[in-house]
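Numbering (my numbering), first residue to last: 1168 to 1397. Beta carbons are placed, not taken as given, at the ideal position from N, Cα and C, and that holds for glycine.
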C-alpha cells in the first residue's frame, strides 16, 4: 500500500500510488488522515492466492498478529481524490472504525462503495462468524456512488450531511460463516439538503430522513417490516 498504518499518520498535498496493492491500509487502533491528496490503488490479487479474501482499495482491519493494538481505527479524507483500479472501494473487517469523507472525488473500479463484513479467518483475522466490523461513516459535502454491503454480524451507522448526494443501494446480507446476527445492522441519517437516489431495493434497520430520497421505483425495507416507497 501507499500508506500502511500501525500508527497515527497524516498526509497532505501528496500523490499516493500503489501499483500492485491497496492504496491505504489501517490496522487496529490507528489512523490515516489524508488532506488534499490524490490516492490510487490497484490490488492485483488475493492474499497468498486465497480466493476467500476480498479485493479492495482501502482496507481497515485487525490482523491479530500483534502489530497493532485492538481498538477503534480511523480513516478520513478531506479534498483530493481516491481512485480504485481494482476491487471494492473500502473494505472493513474484524475491527471497529470511524470513516469520514468530505469533498473527495471517488472513482470506483466496480459497483461496491463500502463492504463491511466478516472474513473467512484463513489469514487469522479473528474467528469466522464472529469477526465482523462496526463502522461509523460520515459523508459531508460528498458525492457517493455505488453499493454498500453490511453482513449480519456487522454494523453501519451512516450520516449524510453538508449536501451529500448518494446514488446507490444499502443492503444487509447473511454472514457467510453463519454467525449470530446482531441488532442495528444499518442505521442511516440523512440531513437536510442531502439526497439519496436509489438504484435498487434496499434493507436497513432504521432511517431518519430530513433530506430527499429518490426511489426510482425501488423500495426500502426496515427491520420492523416497514416498506418505504414513492
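C-alpha distance - residue 1351 paired with residue 1390, whole-angstrom precision: Those two C-alpha atoms are separated by around 8 Å.
Residue 1220 to residue 1286 span [Cα, whole Å]: Roughly 7 Å between the two C-alpha positions.
Check whether residue 1388 and residue 1368 have beta carbons under 9 Å apart: Note that the C-beta distance between residue 1388 and residue 1368 is below 9 Å.
DSSP bridge partner residues for residue 1200 (one or two, in chain order): Looking at the DSSP output, residue 1200 shares a beta bridge with 1177, 1243.
Assumed close pair residue 1146, residue 1298 - CB separation to whole angstroms, cut-off 8 Å: It is not possible to answer for residue 1146, since the shown part of the chain is limited to 1168 through 1397.
N- and C-terminal bounds of the beta strand (DSSP E) containing residue 1191: Note, residue 1191: beta strand (DSSP E), 1191-1194.
Within 9 Å, strictly: CB atoms of residue 1275 and residue 1313: Yes.
Per DSSP, cross-strand counterpart(s) of residue 1366: Beta-bridge partners of residue 1366 (DSSP): none assigned.
Identity of the residue in 1353, 1321, 1360 nearest residue 1263 by Cα: It is 1321.
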